[in-house]
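Asks: This is the structure I have questions about; it appears just below.
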Amino acid sequence: MVNIVVQISKYIIIILMAAYTFSCFSIFTRNYEDEERRVLIRQNVLMFLLQFAAFGAMYLAADDIRIMFIYAALAVTLLAVILLYNLIYPNVSRLVVNNMCMLINAGMIMITRLSSDNASPYGSAVRQMIFVVLGIVFGLTVPVLIRKLKVLENWTYIYAGVGGAALLIVAVFAVSSGGAKLSFDLGPISIQPSEFVKILFVFFVASSLKKSVEFKNIVVTTAVAAGHVLILVLSTDLGAALIFFVVYLIMLYVATRQPLYALAGIAAGVLAAVIGYHLFSHIQVRVQAWQDPFAAYSGGGYQLAQSLFAIGTGSWFGTGLFQGQPDMIPVAETDFIFSAITEEMGVIYALCLILICVSCYVMFLNIAMELRDPFYKLIALGLGTCYIFQVFLQIGGVTKFIPSTGVTLPLVSYGGSSLLSTMIMFGIIQGLYIIREDEEEERIERKRERELRNEPRKTNRKNTAKTRPRFEEVPKQRTRRKQRVR
Amino acid sequence: MTYFFVILFIALIAYVIYFTVVRARTVVNSPYNQRQDSFAETVVRGDIVDRNGNVLATTTVGDDGSETRSYPYGNVFSHVVGYSDSDLGNTGLESVENFELLTSNAFFLEKLQNQFTDSKNRGDTVVTTLDAELQQASYDALGDNRGAVVVMEASTGKILSMVSKPDYNPNTILSDWSTLNSDEDNSPLLNRATQGSYAPGSTFKIVTTLAFMRQNSNYGNYTYDCIGEITTGDTTIHCFDGTAHGYEDLRSSIANSCNSSFANIGTLLDIDGYRDTAEDLLFNSDLPSVLGYTKSSFALTSDSGEAEIMMTAMGQGKTTVSPYHMALITQAIANGGTLMEPYLVDSVTNYTGTEIRRNVPKSYRRLMTSDEAAQLKEYMAAVVEEGTGSVLSGASYSAAGKTGTAEYSMSDGEKTHSWFMGFTNVDNPELVISVITEGSDGSASGKAVSIARQILDSYYD
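Respectively, the protein sequence lines represent chains P and A. Heads up: the first sequence at position 114 corresponds to 114 in this note's numbering, and the numbers run straight through without jumps. Heads up: the second sequence at position 168 corresponds to 168 in this note's numbering, and the numbers run straight through without jumps.
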């Protein structure tokens, strides 16, 4: 009987998820503010219904009251996030807030499910819950800092210095502990610095490239960036190294518009990959496991094989919560959470999850495109790239689309550092969104003044052309263009 | 640049869909997947039946809910159907089709009812391409010999019969296990049809012939005068029983299975080209097979000595091959050069017989041109008409093939394997057959071809 409820809830969850995902993209076609607001509120309703269906099914299946406590805590927290953002920052992108909550929600459902087998049952779900609350505190503070702190763009080498030092400490630490240890312990919590250094790195590149795109400065910036990547490679954090590399390449290209730099970068990347492959045996193991995880089953293919079994068993609709065996996948809560989700909630649900991540990225790009200040623009672009590329590496890795690099799925995977850093990233981008609204307002203000003074518009148009964002066109989607009249 | 990630993600999503639609079934079927075992908690393992619906494996549920897997044909299907045991695991089709057998596509209302009453669903039925009558005939014809038989439908690649001996009884596998598993002299658990690794003997002369044809466009003019032996350097190769075959062309060299002539051909071959031909015929490479198999090996390189080259050309040397692989080569020749992918599962139905999925014949690869296949076909017909395969002439069906006798030394003296590969209904090939009997005392010439005749007679009568 319980099983029937679980099975029915499975389909309900998929329908809710699909409806939510659809609205993530349909919202870009809405033309009026009140229409848009209706969609956003509907998204919230869908999310809470989904949450109820999932936690209700889990409670019935596992018959453990602790699941309901976690449910209550999560529901209250997410409701608070939505209300607080509304209250404190009426101008942020509500779509990004909703998506952030949806991803955290999807992660918490699976972490709750998986942690039922923990040594202390639901231990990691509770810990993750604490980090969600912490992350929200950061997420709510960061936007105002970004908006007020005008000196952020001058700290170029502070970013590089602090970030580089943190990575170096980990590298030394990792080498002394036999490699592959990417975190260090501070009392009861362990911190993975590379998650936070990503943000510093983007700030460093943005501020440096804003100052100058002269050849000399680019050489210096590239050298510092290469230093970051090299340290990461030496501490065997290949996933992070790859993310830093791609983020830098894209930021450089957008800042300079020089295809030559991009080509040189890609060539250097390919060369480095080939050298790395021959130099490091653990890269070869990963590649072999990717080529044929079953042939290399006992030699590194085990994890990927288990991941594929999970995805294959789940198929389109999944087995239903608590009906599969995602606990057979190693590190299911962190690196392989996508496979665990797919097994029990189905491929359709999982594809929706991917699309929600893409929706976030589209919104980030929209924000980047509309920002005028090159520093902020580069930051929005860099952080957006950082986010979406990590999602790609993660999901591509666990589905055997590309060799796995061992990164986490932002906001979904278990892990405090990953969750906090991603929420800070989202906070920064929300801050930039507010800045964009300010810019917009200023422009309207100036325009009105001009009209009052009856200034000819010609000169102005020329200026706009010059300072127009030097971005390629993204698909035409609407960001919120609020005409405020004061 | 903006579209870069959008394209990446479209590719990723397309890949995930592809994986779910196409790859997932194969992956989940992997014997490494322990998830399958848990399916048994909600599903009663389905049946395996032959092409006419004869039950080869079934599960009966006792009044107390205990489940027993039984195999009505006993030893006859032991290797190809395999066994399924909770302690010993699964082999053969029981292993390959484990996922299907433990998946229930019963009518959904019935499944819903089972949910409510907490009863198990009945797993799907695997309908094989095997023909119980032909399998029984192959089993009987092989008699007490050690060896294997593979019979395939030429035009489709359907495997009709696959026998390996010594065998075992899957009904009593658990109690017999320690005896069977420790019997290293007979290794009864080994499926010799696909996993046996034998010297091909004279059947390999087909490969040598193809290499020679490819390297000499005027192969029709080849002549050789056989005096019953050939000596090059300090190696002497004898014809079977020392028979001097006299003046021969390529056709009569094959029909007579003349060792001296083929050793001579070996010395004329470009070895790299020879190896390319062997590898075109899937030596040293993967074979299309759902069951576990041993790769065949062709070891000659341009550094190999004259003696080894001559030995290899007539089918001795270091070359090894499985009876299954020989059936594949024969099938490609019968099909005008194209190998049809062999398969064992015709369809999967739910337990009431409603079809869920059907396999259709598909070509695997072209192994040789149609001209080459036609020429080899003609030579193989000559073997039956006027050569070493004459046992098969005068039947109600026409046949073509190649016999073989592979010698090997054991502690108790010289022994021989007897081989036959061939097909029936030469103008429009129908059945492909490959037979090997192991380790006779030298007098085994023609044993395999006689067994083939017996099997084919029973099929056509």
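Each residue gets a CB set at the ideal place from its N, CA and C atoms; glycine is no exception. Predicted model only: the values in this text are computed from it and were never measured.
Please list the partners that Ala305 (chain P) has in chain A, where partner means a Cβ-to-Cβ separation under 9 Å.
Replies: Val27, Ser30, Tyr32 and Asn33
Asks: Should Arg470 (chain P) go down as buried or exposed, given a rule of 16 or more other Cβ atoms within 10 Å for buried?
Replies: Low local confidence applies: a pLDDT of 44 at Arg470 (chain P) is under 50, so the model's placement there is unreliable, with the coordinate-based value given in what follows. With fewer than 16 other Cβ atoms within 10 Å, it is exposed.
Asks: Beta-carbon of Glu239 (chain P) versus every beta-carbon of chain A: anything under 9 Å?
Replies: Note that residue 239 (chain P) is Gly in the sequence shown, not Glu. By this cut-off, Gly239 (chain P) is not an interface position.
Asks: Leaving out the 5 sequence neighbours to the left and right, which residues in its chain are closer than 6 Å to Leu189 (chain A) when beta-carbon positions are compared?
Replies: Leu180
Asks: Which class does His282 (chain P) belong to by DSSP, given the choice of helix, strand or coil?
Replies: helix
Asks: Could you tell me which of P:Gln291, P:Ala171 and P:Ile70 sits nearest to Thr399 (chain P), measuring between CA atoms?
Replies: P:Gln291
Asks: Quick check on Gly107 (chain P): does DSSP put it in helix, strand or coil?
Replies: helix
Asks: Whose Cβ in chain P lies nearer than 8 Å to the Cβ of Leu12 (chain A)?
Replies: Ile354, Phe392, Ile395, Gly396, Thr399 and Phe401
Asks: Smallest Cα separation from Thr313 (chain P): which of P:Pro326, P:Tyr302 and P:Ile444?
Replies: The residue with the shortest Cα to Cα distance from Thr313 (chain P) is P:Pro326.
Asks: Could you tell me whether any Cβ in chain P is nearer than 9 Å to the Cβ of Leu101 (chain A)?
Replies: no
Asks: Could you give the first and the last residue of the continuous alpha helix (DSSP H) run that contains His325 (chain A)?
Replies: Pro323 to Ala334
Asks: Identify the contact partners of Phe294 (chain P) in chain A, using a Cβ-Cβ distance below 7 Å as the criterion.
Replies: Ser30 and Tyr32
Asks: Answer yes if the stretch 166-173 of chain A comes into contact with the stretch 78-95 of chain A, meaning at least three C-beta pairs across the two stretches below 8 Å, and no otherwise.
Replies: yes
Asks: Alpha carbon to alpha carbon, how far is Ile227 (chain A) from Arg275 (chain A)?
Replies: Ile227 (chain A) and Arg275 (chain A) have their C-alpha atoms spaced approximately 29 Å apart.
Asks: Can you name the residues of chain P whose CB is closer than 8 Å to the CB of Leu287 (chain A)?
Replies: Neighbours of Leu287 (chain A) on chain P: none; closest Cβ ~16 Å, over 8 Å.
Asks: Can you check whether the C-beta of Ile356 (chain A) is within less than 9 Å of a C-beta belonging to chain P?
Replies: no
Asks: With 9 Å as the limit, tell me which residues of the stretch 240-256 of chain P have their beta carbon closer than that to any beta carbon of chain A; keep them in chain order.
Replies: Ile250, Tyr253 and Val254
Asks: Work out the CA separation of Glu445 (chain P) and Ile384 (chain P) for me, nearest whole Å.
Replies: Per the sequence shown, residue 384 (chain P) should be read as Gly rather than Ile. Going by the C-alpha atoms only, they are around 30 Å apart.
Asks: Below 8 Å between beta carbons is the criterion; list the residues of the stretch 289-306 of chain A that meet it against any residue of chain P, in chain order.
Replies: From the stretch 289-306 of chain A, no residue has a Cβ closer than 8 Å to chain P.
Asks: Tell me whether Lys158 (chain A) sits in a helix, a strand or coil according to DSSP, three-state version.
Replies: strand
Asks: Cβ of Val407 (chain P) within 9 Å of Cβ of Gly239 (chain P)?
Replies: yes
Asks: Does the Cβ of Phe9 (chain A) have 16 or more other Cβ atoms within 10 Å, making it buried, or fewer, making it exposed?
Replies: buried
Asks: Can you give me the C-alpha to C-alpha distance between Val474 (chain P) and Thr349 (chain A), rounded to a whole angstrom?
Replies: Annotation note: pLDDT 47 at Val474 (chain P) (below 50); position unreliable, coordinate value reported separately. Distance between the alpha carbons of Val474 (chain P) and Thr349 (chain A): 50 Å.
Asks: Tell me whether Met368 (chain A) sits in a helix, a strand or coil according to DSSP, three-state version.
Replies: DSSP places Met368 (chain A) in coil when its eight states are reduced to three.
Asks: Could you tell me the alpha carbon to alpha carbon distance between Gln454 (chain A) and Gly446 (chain A), rounded to whole angstroms?
Replies: 12 Å
Asks: How long is the line joining the alpha carbons of Phe52 (chain P) and Ala241 (chain P), rounded to whole angstroms?
Replies: 39 Å
Asks: Could you confirm whether any beta carbon from chain A is found closer than 9 Å to the beta carbon of Phe196 (chain P)?
Replies: no
Asks: Leaving out five residues before and five after Phe138 (chain P) in sequence, what residues of the same chain have Cβ atoms less than 8 Å from its Cβ?
Replies: Answer for Phe138 (chain P): Leu420, Met423, Ile424 and Gly427, listed in chain order.
Asks: Looking only at its own chain, which residues have a Cβ that is under 6 Å from the Cβ of Ala193 (chain A), when we skip the five neighbours before and after it?
Replies: Excluding residues within five positions, the ones whose Cβ falls inside 6 Å are Ala148, Val150, Met162, Ser164, Pro323 and Tyr324.
Asks: With respect to the alpha helix (DSSP H) encompassing Gly147 (chain A), which residues constitute its N-terminal and C-terminal limits?
Replies: Not the alpha helix (DSSP H): Gly147 (chain A) falls in the beta strand (DSSP E), residues Gly147 to Glu153.
Asks: With a CB to CB cut of under 6 Å and the five nearest residues on each side skipped, what residues in its chain are close to Tyr247 (chain A)?
Replies: Asp225
Asks: Enumerate, from N- to C-terminal direction, the unbroken alpha helix (DSSP H) stretches of 4 or more residues contained entirely within the stretch 235-275 of chain A.
Replies: 250-255 and 259-268
Asks: If the criterion is Cβ atoms closer than 9 Å, does the pair Leu321 (chain P) and Ala80 (chain P) meet it?
Replies: Taking the C-beta atoms as reference points, Ala80 (chain P) is found no nearer than 9 Å to Leu321 (chain P).
Asks: Can you give me the C-alpha to C-alpha distance between Ala264 (chain P) and Lys210 (chain P), rounded to a whole angstrom?
Replies: 21 Å
Asks: Who are the near neighbours of Asp185 (chain A) in its chain, counting only those whose CB is closer than 7 Å to its CB and skipping five residues on each side?
Replies: none
Asks: Classify Gly65 (chain A) as buried or exposed, calling it buried when 16 or more other Cβ atoms lie within 10 Å of its own Cβ.
Replies: exposed
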